[in-house]
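Here the working numbering runs 740 ahead of the position in the sequence shown, where the first position is 1. Yeah, the Cβ is synthetic: ideal placement off N, Cα and C, and Gly gets one too. Here the structure is a predicted model, which means the values were calculated and not measured. First comes the structure, then the notes that go with it.
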Amino acid sequence: AFSLVFDDDPLRQASAAESWFAGAAQAPSPPARRELRVVRGLVNPRSIPVRKWLIHPRLPIGDVTQCVGEPGISKSTFAIRDAIIVASGRESVLRGEGADKSPLSPERLHADGPVIIYNAEDRTDEMERRFAAAGHHYGLADGDMKHPIILWSGVDQGPLKIVERRRGDRGGLTRAPDADRLEQTIKEHGAVLVILDPQIALVAGGQENDNDDADALMQEL
741 AFSLVFDDDP LRQASAAESW FAGAAQAPSP PARRELRVVR GLVNPRSIPV RKWLIHPRLP
801 IGDVTQCVGE PGISKSTFAI RDAIIVASGR ESVLRGEGAD KSPLSPERLH ADGPVIIYNA
861 EDRTDEMERR FAAAGHHYGL ADGDMKHPII LWSGVDQGPL KIVERRRGDR GGLTRAPDAD
921 RLEQTIKEHG AVLVILDPQI ALVAGGQEND NDDADALMQE L
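Rendered as structure tokens:
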């Protein structure tokens, strides 16, 4: 599963989104590159922006993270748990509670907001069943969700391909049209967390174990 974490500041997020999508109707162009930073001495730590987190220490804002593991060990269920935590703002779900009422996990929830979760393999009904079971398990009630969770089924709403290699093309993977679709969905719902599950489903015509193909996907994300 992939997690894309976005800025939690609504004004900054909106400003960035407007800039980001200004040319969405046109052909994709390479992102603007920052100038090289030249360091001529010790870096003053007070001059460096403080790292921002959605969930510390797993989900830094503005980054892409991976959840990696063997098949069948509940990676998708773990992603559903993160979605519930961020959408509800319930840090108690994240940290758990021991017999002495003390938290079991050192993780901290720094922000909450809308979540998009894409599952390439489950139908919408199945995604809803899994969320219903998770909500019951964590003791959530109607009204506990501060923000929406947008369920995107690759079976019912169509697959999501971020990069593709067109038939007969022996070159590298390139940005696919669905990447624009994902960006528009993020903008529409103001998502602060996007979960994409599983990795291989995001690539058309690529090889999961090819380093260049994996790098192309990560760079595009």
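Which term fits residue i, buried or exposed, when burial requires 16 or more other beta carbons within 10 angstroms of its beta carbon?
i            : result
proline 785  : exposed
serine 893   : buried
lysine 901   : buried
proline 854  : buried
alanine 765  : Residue placement at alanine 765 is poorly supported in this model, since its pLDDT is 45, which falls under 50; the coordinates are not used for a value here.
arginine 830 : buried
alanine 827  : buried
leucine 776  : exposed
Please identify the residue among the options whose C-alpha is closest to the C-alpha of residue i.
i             : options                        : result
leucine 922   : Ile857, Ser832, Asp840         : Ile857
leucine 799   : Ser814, Arg830, Gly829, Glu847 : Glu847
glutamate 904 : Ala919, Val895, Ala819, Ile890 : Ala919
arginine 907  : Leu880, Ala944, His887         : Ala944
arginine 821  : Gly898, Glu775, Ile795, Glu928 : Ile795
glycine 802   : Gly883, Leu891, Glu810, Trp793 : Trp793
aspartate 865 : Pro843, Glu960, Val895, Glu775 : Val895
alanine 931   : Val779, Pro888, Gly898, Leu957 : Pro888
proline 811   : Asn951, Asp950, Gln959, Gln939 : Gln939
lysine 882    : Ile890, Leu891, Ala872         : Here residue 882 turns out to be aspartate, not lysine, going by the sequence shown. With distances taken between Cα atoms, aspartate 882 lies closest to Ala872.
Since I believe residue j is in contact with residue i (beta carbons under 8 Å), could you give me their beta-carbon distance rounded to a whole number of angstroms?
i              : j             : result
threonine 805  : serine 743    : 5 Å
aspartate 953  : glycine 946   : 4 Å
isoleucine 825 : leucine 849   : 6 Å
alanine 941    : alanine 860   : 3 Å
lysine 815     : aspartate 852 : That pair is no contact at about 22 Å.
Does residue i come out as helix, strand or coil in the three-state DSSP assignment?
i              : result
histidine 796  : strand
glutamate 847  : coil
valine 895     : coil
asparagine 859 : strand
aspartate 937  : strand
asparagine 949 : coil
glutamate 810  : coil
leucine 961    : coil
arginine 870   : helix
alanine 819    : helix
alanine 827    : helix
alanine 919    : helix
glutamate 775  : coil
valine 833     : helix
serine 842     : coil
isoleucine 889 : strand
Mind the definition here: the stretch 876–883 touches the stretch 913–928 only if three or more C-beta pairs lie below 8 Å; say whether that holds. Short answer: they don't touch.
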